[in-house]
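As structure tokens, the structure follows; a few thoughts come after it.
In the working numbering, the protein residues as written are 92 to 288.
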């Protein structure tokens, strides 16, 4: 037997033994887990969740009669103890229109009332559209099951035609068509910029 064959023969015995030693130390040195131990939540956090009827990471979706797909998601949702409405934090909504376009909404806070088919977004409301508009507003009122969205307060926007401000804005679908319109009203001021794409 030459030197290489002897080394291979020794390694055939030594390597499995080393693996066995490593594996046994893994089990010997590991910590034991107590299956009866409680989940690591602070007592105050548990009481807050029970009191506020809080849901983390909720998601709601549906469609309008005209075929637009609407979805809402939030970081946290709880019930307002004063009026029973649902309050959502870090709210985002997306509408995939039947025409193929998309509108996405973001807001710090949203109040959702499914019974009256209304949601109110407030606090740094941002609206982006797939055709290049980016709209900022302080407040947005929207239906939950139809495309009827309105910002009753001042909005600022950047779009394919330039920068604009308006006293209010409405997003709606024209009856008997699938065309959705972004309508700016009440003192519209447009600065046309052909370089904006």
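Glycine included, every Cβ here is placed at the ideal spot set by N, Cα and C. Since this is a predicted model, take the numbers as computed values, not measurements.
- Message: For a test of the three-state rule: what should DSSP assign to residue 95, helix, strand or coil?
- Response: When secondary structure is reduced to three states using DSSP, residue 95 falls in the helix class.
- Any idea if residue 184 is buried or exposed, counting beta-carbon neighbours within 10 angstroms, 16 or more meaning buried? Result: buried.
- Message: Looking at the secondary structure, which residues open and close the beta strand (DSSP E) in which residue 283 lies?
- Response: Here the beta strand (DSSP E) through residue 283 covers 280-283.
- Cα-Cα separation, residue 282 to residue 215: Those two C-alpha atoms are separated by around 23 Å.
- Item | Which residues DSSP lists as bridging residue 241, in chain order | Checking the DSSP bridge columns, you'll see residue 241 partnered with 232 and 261.
- Message: Could you give the first and the last residue of the continuous beta strand (DSSP E) run that contains residue 248?
- Response: Residue 248 -> beta strand (DSSP E) spans 246-250.
- Below 6 Å CB to CB, which residues in the same chain sit around residue 152 once its five sequence neighbours on both sides are set aside? For residue 152, where only same-chain residues beyond five positions count, the Cβ hits under 6 Å are 162.
- Message: Short of 6 Å in beta carbon distance, which residues of its chain neighbour residue 275, apart from the five on each side in sequence? Order them along the chain.
- Response: Around residue 275: 257 and 260.
- Message: Please report the straight-line C-alpha distance between residue 240 and residue 168, rounded to a whole angstrom.
- Response: Here the alpha carbon of residue 240 sits roughly 21 Å from the alpha carbon of residue 168.
- With a Cβ-Cβ cutoff of 9 Å, do residue 186 and residue 195 count as a contact? Cβ distance < 9 Å, so residue 186 and residue 195 count as in contact.
- Message: Is it buried or exposed, residue 220, if we count other Cβ atoms within 10 angstroms and call 16 or more buried?
- Response: So residue 220 ends up on the buried side.
- Reference residue 244; option with closest CA among 279, 188 and 166: Checking every option, the nearest Cα to that of residue 244 belongs to 279.
- Task: Pull up the distance between the alpha-carbon of residue 255 and that of residue 248, whole angstroms please.
- Result: Using only the alpha carbons, I get a separation of about 5 Å.
- Let me know if residue 100 comes out buried or exposed under the rule of 16 or more other beta-carbons within 10 Å of its beta-carbon. Residue 100 is exposed by the Cβ-count criterion.
- Query: Given a threshold of 16 other Cβ atoms within 10 Å of its Cβ, counted over all protein chains shown, does residue 158 qualify as buried or as exposed?
  - Reply: With fewer than 16 Cβ atoms within 10 Å of its Cβ, residue 158 is classed as exposed.
- Item | Span separating the alpha-carbon of residue 227 from that of residue 251 | Taking the straight line joining both Cα atoms gives about 15 Å.
- Task: Tell me whether residue 255 sits in a helix, a strand or coil according to DSSP, three-state version.
- Result: Residue 255: strand per DSSP, three-state reduction.
- Item | Beta-carbon proximity list for residue 205, same chain, < 7 Å, skipping 5 on both sides | Excluding sequence neighbours, residue 205 sits near 235.
- Per DSSP, which one or two residues make a beta bridge with residue 182? Within the DSSP secondary-structure output, residue 182 pairs in a beta bridge with 198.
- Query: How many Å lie between residue 146 and residue 176 at the Cα?
  - Reply: For residue 146 and residue 176, the distance between alpha carbons rounds to 14 Å.
- Task: Measure the C-alpha to C-alpha separation of residue 150 and residue 165 and round it to an integer number of angstroms.
- Result: Taking the straight line joining both Cα atoms gives about 7 Å.
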